[in-house]
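K.L.:
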Amino acid sequence: MLPKTFAYVTKKLDGIVLKGYNILGDGTPAQIIPMLTGMQEKELPSTLHRDKNGSFVNVYPFVWNKYRDQGYVTGYAEDGPNIGIWTLRLRGFNQTPTDHYMLPFYRLPV
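The sequence shown maps to residues 3 to 112 in the numbering used here.
1) Would you report the Cα separation of TRP88 and THR100, rounded to the nearest angstrom?
2) Closest by CA to ASN67, which one among VAL19, LYS14, LEU20, HIS102?
3) Which value, in whole angstroms, describes the spacing of the CA atoms of SER57 and ARG70?
4) Is it buried or exposed for ILE18, if we count other Cβ within 10 angstroms and need 16 for buried?
5) Taking DSSP as the reference, what is the three-state secondary structure of TYR103?
6) Could you compute how far the alpha carbon of GLY27 sits from the alpha carbon of ASN84?
7) THR7: buried (16+ other C-beta within 10 angstroms of its C-beta) or exposed?
8) Give me the DSSP bridge partner(s) of TYR78.
9) Quick check: what's the CA-CA separation for GLN72 versus ALA32?
10) Roughly how many angstroms separate the alpha carbons of ASN24 and ILE34, rounded to a whole number?
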């Protein structure tokens with residue numbers, strides 16, 4: 003552990019430590035899907051590219067859908083357009099998932 007960094011993040015920035023958070027599988031989707039849906043990928047409909055009957059990721063019960071239903075404005079962004087959590091081995095979204103979604107802006111010509 004980095005004690006000075008830990009103290010700075012927790013005391014100065016009021017950061018939250020996720021005690022007991024454990025890895026749930028291999029790769030980023032295995033970590034993010036449970037945080038955003040409350041379920042593991044194996045509990046959800048298949049959205050794999052290789053599954054010819056697979057769905058798009060929109061079928062997942064994302065937490066932002068619950069917030070939107072309560073009147074909140076939602077948003078989702080990743081680091082860039084080329085390799086994303088939902089598009090590398092999954093089919094991605096076939097509809098905009100949130101009110102503000104960065105992927106279309108990332109793909110605009112500069």
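Glycine residues also receive a C-beta, built at the ideal position from the N, C-alpha and C atoms. All figures in this text were calculated on a predicted structure; none of them were measured in a lab.
P.N.:
So, to answer that:
1) 14 Å
2) HIS102
3) 22 Å
4) exposed
5) strand
6) 23 Å
7) exposed
8) TYR103
9) 27 Å
10) 12 Å
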